[in-house]
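In our numbering, the protein residues as written are -9 to 199.
Glycine residues also receive a C-beta, built at the ideal position from the N, C-alpha and C atoms.
Because the structure is a prediction, the values reported are computed rather than measured.
Report on one structure; see the data block that follows.
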Amino acid sequence: MTILDVLAEDAAEAAQNLGGYAMGVDLANAEATATTVDAAIAARGGVDVLVNCAGIFRLTPLLEITPESWDSMLGINAKATMITMQRAAHAMIPAGGGTIINIASMAAKKGGAMEAHYAASKSAVVALTRAAALEWGEHGVRANAICPGYVLTDMGAATRSTEQVDGWTRLSPLAAWETPMTSRPSPRSSRATSRPTSRARRSTSPAAW
Ligand SMILES: NC(=O)c1ccc[n+]([C@@H]2O[C@H](COP(=O)([O-])OP(=O)(O)OC[C@H]3O[C@@H](n4cnc5c(N)ncnc54)[C@H](O)[C@@H]3O)[C@@H](O)[C@H]2O)c1
């Protein structure tokens, strides 16, 4: 397993804990993304499974999205996904197949206020996944996308107000946020009540990401 992330030290620590390797790469840089993925595949002698999980999120009113912000969001979340899929498929197809798992979002399906460019980027990830499944399936490459709901990660909660976290908890059919594999307190028990109010954002309307 090789973890690629712009936070190279964090990736190295995770790889050490999980027994794998790590490489630093900024997915905003298309050329670096391609060469780093190629290098990772060459170093391991191939690739069986590609997971595209890295991504960014910003709450931005539609009227305030700039072309630069759009390019950044679509570049990291969608274009980089396309590039890593292409690089992996170039290795998987001659080897007889492989598995691609793309982390999209429920935002791809339902959109949401304040997140037009994030939802567009995740819709692109779903479209890329469908195309890959249809084009590469005959070569043994399976491609699937996962559209998570609310997950209590840095992205999922660190940019939210206490009111938003509580509001989205109530919207969840399970009345709780999903959590990463590591054990964390449930949002009801502590996180929601301990969050600093300084993070409060102006929107409390339901959104998805
Ligand atoms: N947290 C949620 O509620 C939620 C919901 C639906 C989908 N998702 C998706 O799940 C995936 C993981 O999100 P998360 O919640 O763990 O977020 P996170 O912010 O905790 O982790 C995102 C990771 O992506 C990396 N990253 C960001 N920009 C990068 C760049 N330019 N180059 C390389 N790496 C970069 C970060 O360093 C970080 O390790 C994302 O694709 C996100 O869109 C999250």
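In the three-state scheme derived from DSSP, where H, G and I count as helix and E and B as strand, N7 is classed as helix. When C-beta atoms of the stretch 71 to 83 are compared with those of the stretch 99 to 108, fewer than three pairs fall below 8 Å, so the two segments do not count as touching. Note: L(-6) is bridge-paired with M13 in the DSSP secondary-structure output.
G157 carries a helical assignment under DSSP once its states are collapsed to helix, strand and coil. For the alpha helix (DSSP H) assignment, the uninterrupted runs of no fewer than 4 residues enclosed by the stretch 14 to 39 are, from N- to C-terminal side, 20 to 34. Between the C-alpha atoms of T26 and V15 there is a straight-line separation of about 7 Å. For D0, the number of other beta carbons within 10 angstroms of its own is below 16, and it is reported as exposed. Nearest to R132 by alpha-carbon distance, out of A78, L(-6), E153, is A78.
For A94, the secondary structure class from DSSP, reduced to helix, strand or coil, is coil. Ranking G45, W158, A12, A22 by CA distance to the CA of V115 puts G45 first.
By the C-beta criterion, the stretch 80 to 88 is judged not to be in contact with the stretch 56 to 68, since fewer than 3 inter-stretch pairs fall below 8 Å. Distance from the Cα of L17 is smallest, within the candidate group G9, G35, L(-3), I91, for L(-3).
DSSP, read as helix, strand or coil, puts G88 in strand.
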